[in-house]
Amino acid sequence: MYKLGIDLGGTGIKAALLDKNGSISQRAAIATHCELGYQAVFDRIAQCAGQCLEQEHIKPSDLKAIGLAAAGMLSEDGQEIVFSSNLRFLHVKAVDEMKKRFPCPITLTNDADAAALGEHFYGAGKGAKSSVTITLGTGIGSGIVMNNKIMSGSFRSGAEIGHQIIEANGIQCRCGQQGCLEVYASGTALIVDAARRARENPSSFLNSICSGNLAKLDAGMVFQAHYNHDPDATRAIEQFTKYLGIGIINVINLLQPEAVIIGGGLSAEKENLTKPLNDYVRKHLLFGGQNMRTKIRYALLGNDAGALGAAMLCE
Ligand SMILES: [Zn+2]
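The sequence shown maps to residues 492 to 806 in our numbering.
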């Protein structure tokens with residue numbers, strides 16, 4: 492029997508088919524097109540899943556279970572997507588919609604939890620019993636795995652590492668609070684800070700690397716400018732590292748996981764991202780980091796993490 496994991500995001504749907512050994516046997520991806528409404532989105536999920544089954548020459552009845560990971564707030568009973576700005580969903584009964592299209596049990600999960608579980612079992616957390624995955628993108632997504640189980644709080648909406656407050660009276664966050672980690676250490680936060688520095692210093696290499704159009708600046712370019720010894724890019728990265736480091740120190744002090752895994756597009760910078768972070772955390776952790784055993788690693792799975800984790804979560 493096979494398991495199918497589906498990662499439903501605002502722009503794309505990804506599916507991964509796992510064989511009985513838990514190995515990926517097929518993958519498929521299509522655009523979400525959430526502007527067509529939720530019924531059409533679930534039809535597209537069925538289409539994407541169908542591609543995986545066709546490639547493997549199997550039928551829907553060969554599926555033992557499907558795990559669906561969705562970007563959004565889920566109901567406590569795990570049946571409904573209560574709200575998702577990315578998907579433009581409001582009170583969508585996702586499990587019922589899936590059951591209309593598939594004959595097997597369905598498990599709905601949060602996309603950040605699924606990505607954390609994927610990295611934990613298949614990626615940078617392989618072999619560890621506990622890990623925390625922090626995904627840096629437009630915002631900060633996070634998932635906590637302790638004793639090989641996802642920990643999302645008593646009411647299923649905890650583990651929001653990006654909304655820990657690290658600056659009292661700090662920058663406004665979209666969650667309504669001020670000074671959250673997300674507004675200092677997401678991919679977007681790094682870009683915003685680097686662009687501000689570039690505007691203040693027209694001779695900065697940050698302006699050249701995006702051909703003078705700072706709206707096109709991305710986090711990879713900020714790292715490129717830093718590798719080219721641009722002081723503005725370096726300062727932006729130092730500040731980003733400091734805040735992300737503070738966030739990680741709080742995570743270690745609370746949970747002491749075996750690994751903290753940094754995901755998102757920035758994980759492409761590999762050790763250039765994790766080495767300075769590790770140095771900062773070690774220096775500022777309690778008792779001078781003498782007993783720091785937590786490893787800070789970059790994520791290994793890229794786009795597969797969510798679909799893999801979703802498949803892991805289904806029974
Ligand atoms: Zn916030």
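We treat Cβ as the ideally placed atom computed from N, Cα and C, and that holds for glycine.
Remember, it's a predicted structure, so these values are computed and weren't measured experimentally.
For the beta strand (DSSP E) holding residue i, just list the boundary residues, first then last.
i: Asn-601; result: 597 to 601
i: Phe-580; result: 580 to 583
i: Lys-786; result: 786 to 789
i: Gly-558; result: 554 to 561
i: Thr-629; result: Thr-629 -> no beta strand (DSSP E), and no H or E assigned at all.
i: Lys-505; result: 503 to 509
i: Ser-516; result: 515 to 522
i: Leu-499; result: 493 to 499
i: Ser-575; result: 572 to 575
Evaluate residue i with the Cβ neighbour count: other Cβ atoms within 10 Å of its Cβ, from every protein chain shown; 16 or more gives buried, anything less gives exposed.
i: Met-492; result: exposed
i: Thr-785; result: buried
i: His-548; result: exposed
i: Lys-617; result: exposed
i: Leu-777; result: exposed
i: Asp-723; result: buried
i: Asn-601; result: buried
i: Val-550; result: Per the sequence shown, the amino acid found at residue 550 is Lys instead of Val. Lys-550 is exposed by the Cβ-count criterion.
i: Gly-614; result: buried
i: Lys-707; result: exposed
i: Glu-545; result: exposed
Looking only at its chain, what residues have a beta carbon closer than 6 Å to the beta carbon of residue i, apart from the 5 residues adjacent to it on each side?
i: Met-637; result: Ser-621
i: Thr-598; result: Gly-558, Leu-804, Cys-805
i: Lys-761; result: Tyr-789
May I ask which residues mark the beginning and end of the alpha helix (DSSP H) holding residue i?
i: Arg-535; result: 529 to 547
i: Ile-740; result: 722 to 746
i: Gly-756; result: That residue, Gly-756, is in no alpha helix (DSSP H); it is neither H nor E in DSSP.
i: Arg-690; result: 678 to 691
i: Gly-779; result: No alpha helix (DSSP H) holds Gly-779; DSSP gives it neither H nor E.
i: Asn-719; result: Taken as a continuous stretch (DSSP letters only), Asn-719 belongs to no alpha helix (DSSP H), as it is neither H nor E.
i: Asp-770; result: 762 to 775
i: Ala-802; result: 796 to 804
i: Ser-699; result: 696 to 700
Can you tell me the Cβ-Cβ gap for residue i and residue j, rounded? I've got them flagged as a contact below 8 Å.
i: Cys-539; j: Ala-561; result: That pair is no contact at about 14 Å.
i: Ile-657; j: Tyr-734; result: 6 Å
i: Ala-727; j: Leu-705; result: Not confirmed; about 12 Å, so no contact.
i: Ala-606; j: Thr-626; result: 6 Å
i: Arg-647; j: Leu-565; result: 6 Å
i: Ala-801; j: Ile-497; result: 6 Å
i: Ala-798; j: Glu-610; result: That belief does not hold up - the Cβ atoms of Ala-798 and Glu-610 are roughly 12 Å apart, past 8 Å.
i: Ala-650; j: Gly-634; result: 6 Å
i: Asp-721; j: Ser-695; result: 6 Å
i: Glu-485; j: Ile-631; result: Absent from the structure is residue 485, since the part of the chain shown begins at 492 and ends at 806.
i: Val-742; j: Ile-641; result: Not quite, the Cβ-Cβ distance comes to about 15 Å (not below 8 Å), so this is no contact.
Within the same chain, show all residues whose beta-carbon is closer than 7 Å to that of residue i, passing over the 5 residues directly before and after it, in chain order.
i: Ala-710; result: Gly-678, Leu-681, Ile-682, Gly-756, Leu-757
i: Ile-700; result: Met-712, Gln-715, Ala-716
i: Lys-774; result: Gly-780
i: Gln-669; result: Asn-660, Gly-661, Ile-662, Gln-663
i: Val-583; result: Tyr-529, Glu-571, Ile-572
Who are the near neighbours of residue i in its chain, counting only those whose CB is closer than 8 Å to its CB and skipping five residues on each side?
i: Phe-731; result: Tyr-675, Ala-676, Ala-680, Leu-681, Asp-684
i: Thr-523; result: Leu-499, Gly-500, Gly-501, Thr-502, Gly-503, Ile-504, Val-532, Arg-535, Leu-578
i: Gly-667; result: none
i: Lys-511; result: Met-492, Tyr-493
Handout entry: the region 671 to 690 in contact with the region 702 to 720 per 3-pair CB rule at 8 Å
Key = yes
Practice task
Give a yes or no on contact between the region 747 to 763 and the region 657 to 669, applying the rule of three or more CB pairs nearer than 8 Å.
Solution key: no
Exercise for the section: Taking 8 Å as the threshold, find out whether the region 551 to 568 comes into contact with the region 589 to 601 through three or more Cβ pairs. Expected result: yes
Problem - the region 510 to 517 / the region 573 to 588 touching (three or more Cβ pairs under 8 Å) - result: no
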